[in-house]
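Here is the structure we will look at.
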Amino acid sequence: MQVTCKNCDQTYSGHFCNNCGQPADTHKLNLHFILHDIQHAFFHFDKGVLFTAKELFTRPGDSIREFIEGKRVKHFKPISLVIILATLYGVLRHLFHFSVLDKKVVSEIQGVEYESLNEWISHHYYWIILLSIPMFSIASYLVFRKQGYNFIEHFVLNAYMASQRLILRIAIFPITKYYTESSYNKLFVDILMLMDIVLIFWTYITFFNNLSRIKSFLYSIYSYLLFLVIFFILLLLSVLIFDIHVG
Numbered sequence: 031m032q033v034t035c036k037n038c039d040q041t042y043s044g045h046f047c048n049n050c051g052q053p054a055d056t057h058k059l060n061l062h063f064i065l066h067d068i069q070h071a072f073f074h075f076d077k078g079v080l081f082t083a084k085e086l087f088t089r090p091g092d093s094i095r096e097f098i099e100g101k102r103v104k105h106f107k108p109i110s111l112v113i114i115l116a117t118l119y120g121v122l123r124h125l126f127h128f129s130v131l132d133k134k135v136v137s138e139i140q141g142v143e144y145e146s147l148n149e150w151i152s153h154h155y156y157w158i159i160l161l162s163i164p165m166f167s168i169a170s171y172l173v174f175r176k177q178g179y180n181f182i183e184h185f186v187l188n189a190y191m192a193s194q195r196l197i198l199r200i201a202i203f204p205i206t207k208y209y210t211e212s213s214y215n216k217l218f219v220d221i222l223m224l225m226d227i228v229l230i231f232w233t234y235i236t237f238f239n240n241l242s243r244i245k246s247f248l249y250s251i252y253s254y255l256l257f258l259v260i261f262f263i264l265l266l267l268s269v270l271i272f273d274i275h276v277g
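Count along the sequence shown from 1, then add 30; that gives the number in this note's numbering.
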């Protein structure tokens with residue numbers, strides 16, 4: 031049976047327009063439409079986030095590679111996911127007043143107040159995370175450039191990896207809140223950093239599966255060190271150019 035699309039006037043057969051994708055069955059708008067739309071939105075949001083979170087902690091490299099190669103229906107989009115998670119984590123930091131900063135180290139920096147710095151980071155956390163993704167991407171692109179992925183594909187890889195670390199931080203935030211206010215603050219911060227590094231290395235090693243485990247591990251170390259170099263160079267330039275200070 032031929033159908034004329036009410037959206038683009040394309041004539042087609044089937045349940046969806048082959049030109050714009052609109053469903054053939056367009057009901058009159060009523061209460062059922064509103065209730066179905068709300069249910070559909072929440073269900074697919076939860077399903078996409080939960081599926082992606084599960085994949086990032088069971089088969090991170092493989093699932094991200096599949097997304098890049100075109101298997102994308104079940105995954106939540108990388109940039110949207112990292113913005114949502116970074117915003118949520120920033121809100122948690124603000125509401126519960128916890129920090130993963132080393133209070134002793136911060137207090138030794140002239141002109142910087144610990145509470146002011148922590149509040150500033152909480153309010154701008156999603157920007158900090160988003161800005162870190164290009165830095166990670168430049169590093170991984172340069173180190174793994176022979177693996178055939180372009181810079182945007184590296185950006186997607188590192189966006190999902192940022193989400194992976196954020197999911198972990200959100201999941202353990204009550205523990206973080208407890209230990210960052212104890213005498214074990216520095217030890218706990220070091221453990222968090224080690225956990226981040228383990229996740230980064232695990233994902234790189236499983237993503238770049240054309241390399242041997244040893245080679246991809248060594249490249250992962252190189253990539254992380256290169257990220258740190260890029261980060262500190264940009265931080266120094268920012269301080270020198272914009273005279274950034276917090277207080």
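Idealized CB from N, CA, C, for every residue including glycine.
Review point. Considering only residues of the segment 159–224, which uninterrupted alpha helix (DSSP H) runs meet the minimum length of 4 residues and lie entirely inside it, listed in chain order?
Key: 181–201, 203–209
**Study point:** For F237, the three-state DSSP class (helix, strand or coil)
**Key:** For the purposes of this step, residue 237 is taken as the residue at position 207 of the sequence shown. Helix, per DSSP.
Exercise for review: Could you tell me if A71 is buried or exposed, where buried requires 16 or more neighbouring beta carbons within 10 angstroms of its beta carbon?
Suggested key: Mapped onto the sequence shown, residue 71 falls at position 41. Caution is warranted here: a pLDDT of 49 is assigned to A71, below 50, making its placement in the model unreliable, and the coordinate value is therefore given only provisionally. Looking at its Cβ environment, which holds fewer than 16 other Cβ atoms inside 10 Å, A71 is exposed.
Exercise for review: Taking all protein chains shown into account, decide if P90 is buried (16 or more other Cβ within 10 angstroms of its Cβ) or exposed.
Suggested key: Translated into the one-based positions of the sequence shown, residue 90 becomes position 60. Classification for P90: buried.
Point to revise | Reduced DSSP secondary structure (H/G/I, E/B, other) of F46 | key: Numbered from its first residue, the sequence shown carries residue 46 at position 16. Correct three-state label for F46: strand.
Check your understanding: So what's V103 in DSSP terms, helix, strand or just coil?
Key -> Position 73 of the sequence shown holds residue 103. DSSP places V103 in coil when its eight states are reduced to three.
Point to revise | R95: first and last residue of the uninterrupted alpha helix (DSSP H) it sits in | key: The count along the sequence shown starts at 1 and reaches residue 95 at position 65. First-last of the alpha helix (DSSP H) with R95: 90–98.
Check your understanding: CA-CA distance, R175 and N239?
Key -> As a working note, residue 175 is residue 145 in the sequence shown. As a working note, residue 239 is residue 209 in the sequence shown. Straight-line Cα distance between these residues: approximately 14 Å.
**Study point:** Extent of the continuous alpha helix (DSSP H) to which S110 belongs
**Key:** Counting from 1 along the sequence shown, the entry for residue 110 is found at position 80. Counting along the chain, the alpha helix (DSSP H) containing S110 begins and ends at 108–126.
Check your understanding: In whole angstroms, what is the alpha-carbon distance linking Q194 and H127?
Key -> In the sequence shown, the residue the question calls residue 194 occupies position 164. In the sequence shown, the residue the question calls residue 127 occupies position 97. The alpha-carbon atoms of Q194 and H127 are separated by roughly 23 Å.
Point to revise | Any 3 or more C-beta pairs closer than 8 Å across the segment 222–231 and the segment 102–111 | key: no
Practice item. Report the rounded CA-to-CA distance for S246 versus M31, giving the unit in angstroms. Key: Numbered from 1 along the sequence shown, position 216 holds the residue referred to as residue 246. Numbered from 1 along the sequence shown, position 1 holds the residue referred to as residue 31. Going from the Cα of S246 to the Cα of M31 covers about 55 Å.
Check your understanding: With a CB to CB cut of under 6 Å and the five nearest residues on each side skipped, what residues in its chain are close to Y49?
Key -> For the purposes of this step, residue 49 is taken as the residue at position 19 of the sequence shown. It is worth fixing the name first, because residue 49 is Asn in this sequence and not Tyr. Closer than 6 Å at the Cβ level, and outside the excluded window around N49, lie C38, Q40.
Exercise for review: Using only alpha-carbon positions, find the residue among R123, V33, G178, Y249 that is nearest to Y208.
Suggested key: Position 178 of the sequence shown, counted from the first residue, corresponds to residue 208. Selected option, being the one with the closest Cα: R123.
Check your understanding: Which word fits A201, buried or exposed, when buried means at least 16 other C-beta atoms lie within 10 angstroms of its C-beta?
Key -> Along the sequence shown, one-based indexing puts residue 201 at 171. With fewer than 16 other Cβ atoms within 10 Å, it is exposed.
Point to revise | Top-ranked residue by Cα proximity to Y171, from I163, H184, I159, S162 | key: In the sequence shown, counting from the first residue as 1, residue 171 sits at position 141. The shortest Cα separation from Y171 among I163, H184, I159, S162 belongs to H184.
Exercise for review: Give every residue of the same chain whose Cβ lies closer than 8 Å to the Cβ of L229, excluding the five residues on either side of it in the sequence, and list them in chain order.
Suggested key: Working through the sequence shown from its first residue, we reach residue 229 at position 199. Closer than 8 Å at Cβ, skipping near neighbours: P90, M191, Q194, R195, L198.
Exercise for review: Please confirm whether any heavy atom of the ligand NAD lies closer than 7 Å to the CB of Y252.
Suggested key: Questions concerning the ligand NAD fall outside what the structure shown contains, since it holds no ligand whatsoever.
Exercise for review: To the nearest angstrom, report how far apart V186 and Y214 are at their CA atoms.
Suggested key: Taking the first residue of the sequence shown as position 1, residue 186 is located at position 156. Taking the first residue of the sequence shown as position 1, residue 214 is located at position 184. About 35 Å.
Practice item. Kindly list the residues whose CB is nearer than 8 Å to the CB of I98, restricted to its own chain and excluding five residues on each side of it in sequence; keep chain order. Key: Your numbering for residue 98 matches position 68 in the sequence shown. Counting only Cβ-Cβ distances below 8 Å, and skipping sequence neighbours, we find Y179, E183, V186, L187.
Review point. In chain order, what residues of the same chain have a beta carbon less than 8 Å from the beta carbon of Y119, not counting five sequence neighbours either side?
Key: The residue labelled residue 119 in the question sits at position 89 within the sequence shown. Around Y119: Y155, L196, R199, I200, F203.
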